[in-house]
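Read through the structure below, which is laid out as structure tokens, and then see the notes.
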Amino acid sequence: MKTMAKRGQRILVTGGAGFIGSNFVRHWCDRADEMVVLDALTYAGNRATLSDLEAREEFSLVEGDIGDAALVAQILEQNRIDTLVHFAAESHVDRSILGPAAFVQTNVVGTFTLLEAFRKHWDTAGKPDDFRFLHVSTDEVFGSLGPEDPAFSETTPYAPNSPYSASKAGSDHLVRAYFHTYGLPTLITNCSNNYGPYQFPEKLIPLMCVNILLGKPLPVYGDGQNIRDWLHVEDHCEAIAIVLQQATPGETYNIGGNNQVKNIEIVESLCDLMDQLAPELPTQPARDLITFVTDRPGHDRRYAMNISKIQRDLDWQPKYDFATGLKQTVQWYLTHRDWWQPLLSEEYQTYYRNLYSV
Ligand code: NAD
Ligand code: TYD
Numbered sequence: 021m022k023t024m025a026k027r028g029q030r031i032l033v034t035g036g037a038g039f040i041g042s043n044f045v046r047h048w049c050d051r052a053d054e055m056v057v058l059d060a061l062t063y064a065g066n067r068a069t070l071s072d073l074e075a076r077e078e079f080s081l082v083e084g085d086i087g088d089a090a091l092v093a094q095i096l097e098q099n100r101i102d103t104l105v106h107f108a109a110e111s112h113v114d115r116s117i118l119g120p121a122a123f124v125q126t127n128v129v130g131t132f133t134l135l136e137a138f139r140k141h142w143d144t145a146g147k148p149d150d151f152r153f154l155h156v157s158t159d160e161v162f163g164s165l166g167p168e169d170p171a172f173s174e175t176t177p178y179a180p181n182s183p184y185s186a187s188k189a190g191s192d193h194l195v196r197a198y199f200h201t202y203g204l205p206t207l208i209t210n211c212s213n214n215y216g217p218y219q220f221p222e223k224l225i226p227l228m229c230v231n232i233l234l235g236k237p238l239p240v241y242g243d244g245q246n247i248r249d250w251l252h253v254e255d256h257c258e259a260i261a262i263v264l265q266q267a268t269p270g271e272t273y274n275i276g277g278n279n280q281v282k283n284i285e286i287v288e289s290l291c292d293l294m295d296q297l298a299p300e301l302p303t304q305p306a307r308d309l310i311t312f313v314t315d316r317p318g319h320d321r322r323y324a325m326n327i328s329k330i331q332r333d334l335d336w337q338p339k340y341d342f343a344t345g346l347k348q349t350v351q352w353y354l355t356h357r358d359w360w361q362p363l364l365s366e367e368y369q370t371y372y373r374n375l376y377s378v
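To convert, count from 1 in the sequence shown and add 20; that's my numbering.
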């Protein structure tokens, strides 16, 4: 194992008020002398998630858009940032089908704006070797696997199928080009589906938890046999930290949970856990709430990550087993109604009615 460099002590985290970004901020904040979160606080960004950190002197949250070049340049310069970890994105496939424009704007144009600002900042500082721009991407850029296909590796050709994954693929290509053309010290991580605390209740696991708690139907798309490779968010944050400290610029790493599960199995497990942990809920068994609904257009069948490169090069592997992680997550949603209840806004209800035709 290589020695740990002292990198990321003056760090800008974009999208740090979202699900993975906020978990990463907590994971990293004790190591940083200066930590700035830049977040537009869209429907998915939540200031309350970070409220306990706002009193810390080395921490600040700037409400703003990654597409605002002047603002980004000012943050980089004033805070003498050496490391940028880029989570900010429009992140939900179903929303990308309903309205793709915001995905192109934030994920492609926004990432381009950040790259340009960071390149100028790095240039002005004399191109230091230890600056880093780490771009957080997804396994969805690789497309969809059949049942017998080998898992995605770092050399699998890109074949994105949704407006979301196409916009993430576009941003990955820009990051790659900035390394090859300008020598900007970039890194790319492509991770599989994350789960854990602070995930917005539009994604599968938090949506099902919240709907069980509200006694609402649990909408399973198509035949429920689609497979995702589930990764606990804390394992993901640990992997990002290791990549940041140890990886060579220009590298890409796949991060996954070695944990392929069918959607219907997850929904059934969530129902059973809720029956066990919240026996006072009116619908028992919660499985009675499961409702098969019309499939998502272009729904990718299976994702799976081959993580041998990060295991071999950086000695990382996921620590959580899924049963433990899922139980902990259910418990978190059970005990954090004050966090998720305010998110069920008028905008959320409209989105929900639109998507699920209810
Ligand atoms: P999220 O939707 O929970 O959070 C995204 C954050 O970005 C929010 O706080 C939002 O306010 C902010 N944001 C959106 N547009 C912005 C803009 N224009 N300027 C500044 N901030 C903006 O997303 P997440 O699940 O935490 O995902 C984080 C990153 O990880 C994304 O890049 C996503 O593509 C990637 N990813 C997520 C998963 C997953 O399972 N959640 C899997 C693979 C990759
Ligand atoms: P999601 O959490 O949206 O992540 P992604 O589409 O990026 O993988 O969905 C995970 C899986 O769950 C995916 O196969 C779609 C399915 N799904 C449902 O069956 N019902 C739902 O209401 C949602 C949100 C997702």
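Note that CB positions come from ideal geometry on N, CA and C, so glycine has one too.
> According to the neighbour-count rule (16 or more other Cβ atoms, all chains shown, within 10 Å of its Cβ), is V263 buried or exposed?
Replying inline: Looking at its Cβ environment, which holds 16 or more other Cβ atoms inside 10 Å, V263 is buried.
>> Please classify F312 as buried or exposed, where buried requires at least 16 neighbouring CB atoms within 10 angstroms.
In response: Residue environment for F312: exposed (fewer than 16 other C-beta atoms within 10 angstroms of its C-beta).
> Of all the options P305, G235, I247 and S191, which has the alpha carbon lying nearest to the alpha carbon of D169?
Replying inline: For the residues P305, G235, I247 and S191, the minimum Cα distance to D169 belongs to I247.
> Mind checking whether T126 and A89 have CB atoms under 8 Å apart?
Replying inline: Not a contact, by the Cβ cut-off of 8 Å.
> Using CA coordinates, which residue listed in K339, D358, A64 and W48 is at the minimum distance from E367?
Replying inline: Residue A64 is the option with its Cα nearest to E367.
> Cα separation between Q29 and I260?
Replying inline: Approximately 15 Å between the Cα atoms of the pair.
> Taking the alpha carbon of P362 as the point to measure from, which residue in V230, D50, S164 and G146 has its own alpha carbon closest?
Replying inline: Looking at the Cα atoms, V230 is the closest of the given residues.
> What are the residues that DSSP puts in a beta bridge with M294?
Replying inline: DSSP output for M294 lists no bridge partner at all.
> Taking the alpha-carbon positions, what's the R100 to S191 distance?
Replying inline: So the alpha carbons of these two residues sit roughly 25 Å apart.
> In angstroms, rounded to a whole number, what distance separates the CA positions of D243 and G166?
Replying inline: Near 15 Å, if we compare the C-alpha coordinates of G166 and D243.
> At what residues does the beta strand (DSSP E) containing V56 begin and finish?
Replying inline: Looking at the DSSP string, the run of the beta strand (DSSP E) that includes V56 is E54 to D59.
> Assuming L32 and I95 make a contact with CB atoms under 8 Å, what is their CB distance in whole Å?
Replying inline: Contact holds; Cβ gap of about 6 Å.
>> Buried or exposed for D335, going by 16 or more other Cβ atoms inside 10 Å?
In response: Its Cβ having fewer than 16 others within 10 Å, D335 is exposed.
> Any heavy atom of the ligand NAD within a distance shorter than 7 Å of the CB on V156?
Replying inline: Indeed, a heavy atom of the ligand NAD lies less than 7 Å from the Cβ.
> Between G276 and A145, what straight-line distance do the alpha-carbon atoms span, to the nearest angstrom?
Replying inline: Taking the straight line joining both Cα atoms gives about 35 Å.
>> Less than 7 Å separating the Cβ of A343 from some heavy atom of the ligand SAM?
In response: As for the ligand SAM, it is missing from this structure, which binds only the ligand NAD and the ligand TYD.
> Going along the chain, which residues of its own chain have a beta-carbon closer than 7 Å to the beta-carbon of G318, five neighbours each way excluded?
Replying inline: Beyond the five residues adjoining it in sequence on each side, G318 comes within less than 7 Å, by CB distance, of N181 and S182 in the same chain, given in chain order.
> Applying the criterion that 16 or more other CB atoms from any shown protein chain within 10 Å of the CB defines a buried residue, is P305 buried or exposed?
Replying inline: Exposed is the call here.
>> Taking 8 Å as the threshold (C-beta atoms), are T158 and S185 in contact?
In response: S185 is a Cβ neighbour of T158, given a cutoff of 8 Å.
> For the candidate residues A324, T62 and T103, whose alpha-carbon lies nearest to that of V48?
Replying inline: It is worth fixing the name first, because residue 48 is Trp in this sequence and not Val. Minimum Cα distance to W48 is reached at T103.
> Mapping DSSP to helix, strand and coil, what is E288?
Replying inline: Correct three-state label for E288: helix.
>> Once the 5 residues before and after K329 are set aside, which same chain residues still bring their CB inside 8 Å of it?
In response: So the list reads S173, E174, Y273 and N274, once near-sequence residues are dropped.
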